[in-house]
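Residue numbers (the working numbering): 18 to 223. Presented below is the structure to which this report refers.
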DNA sequence: CTCCCGATAT
DNA sequence: ATATCAGGAG
């Protein structure tokens, strides 16, 4: 499909330095941030992690404190009870099975509670520069459907569809650029179609 | 398919 | 006051 190559080229042109909006200094910080970003904006996650990362540096730091203390520190990201348990569970696995290191492959990342393919792909792509799949978050999902790149609604099916039509070397940046585009132009509520550089090739499937 | 939850746009 | 945003687990 020629259209997809055109889309890829235009995205790269307009978002030459797209990167994850999640502030982090190392793979562990990105993993925590990515777990917190479930059903929460990256902007909100950054507010919370600013203090969180000052208090907790190692997997053990997250395990030494009570669930309640952790919950208080991440409260505003929502689903804080689940997320706190998941973070402690993930730190437990990292310590017990991975010598304290964040895994750098999909199979092992998926063993961590609170980590499914979206979160794993974020960590793989932005912490390890590896692509075993494509990040399909709400932005990638919405825009892929609007552009007619998939008709599916299930994130895994969307990911498979995208993996078929996008060259593997573009997997990481394609998501990062679509997410940037989703925030600025192709927004969920009022998409700015008149300002969109993809407008002329967009069937606008909702 | 349901539950988990706060923040912000309308 | 309420709709909408934003993923994972059971």
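Glycine residues also receive a C-beta, built at the ideal position from the N, C-alpha and C atoms.
Neighbourhood of residue i by C-beta, 8 Å cutoff - its chain only, sequence neighbours within 5 removed
i          : result
residue 56 : 95, 96
residue 61 : 93, 94
Endpoints, alpha helix (DSSP H) assigned at residue i
i           : result
residue 178 : 172–182
residue 190 : 188–201
residue 142 : 134–145
residue 35  : Careful: residue 35 lies outside any alpha helix (DSSP H) and carries neither H nor E.
residue 206 : Counting along the chain, residue 206 falls outside any alpha helix (DSSP H), and DSSP gives it neither H nor E.
residue 90  : 84–91
residue 160 : 155–163
Three-state secondary structure (DSSP) of residue i
i           : result
residue 44  : helix
residue 112 : helix
residue 130 : coil
residue 149 : coil
residue 50  : helix
residue 121 : coil
residue 76  : helix
residue 19  : helix
residue 70  : helix
residue 94  : helix
residue 26  : helix
Reference residue i, options the options, closest by Cα
i           : options            : result
residue 78  : 106, 169, 38       : 106
residue 50  : 188, 135, 198, 170 : 135
residue 264 : 71, 25, 26, 30     : What the structure shows of the chain is the stretch from 18 to 223, and residue 264 is not part of that stretch, so it cannot be assessed.
residue 42  : 190, 69, 187       : 69
residue 23  : 221, 216, 222      : 216
residue 139 : 98, 190, 99        : 190
residue 102 : 204, 168, 53       : 53
residue 81  : 108, 64, 59        : 108
residue 142 : 47, 204, 28        : 47
residue 205 : 145, 162, 74       : 162
Cβ-based neighbour list, residue i, same chain, cut-off 6 Å, excluding 5 preceding and 5 following
i           : result
residue 164 : 219
residue 179 : 151
residue 84  : 101
residue 63  : 40
7 Å CB neighbourhood of residue i in its chain, flanking five on each side removed
i           : result
residue 209 : 202
residue 212 : 202
Using a Cβ distance threshold of 8 Å, determine whether the segment 105–123 contacts the segment 153–172, with at least three qualifying pairs required. no
Can at least three beta-carbon pairs, one atom from the segment 23–43 and one from the segment 187–199, be found at a separation below 8 Å? The segment 23–43 is in contact with the segment 187–199.
For the segment 143–152 against the segment 117–127, do three or more pairs of beta-carbon atoms, one drawn from each stretch, fall closer than 8 Å, so that the two count as touching? yes
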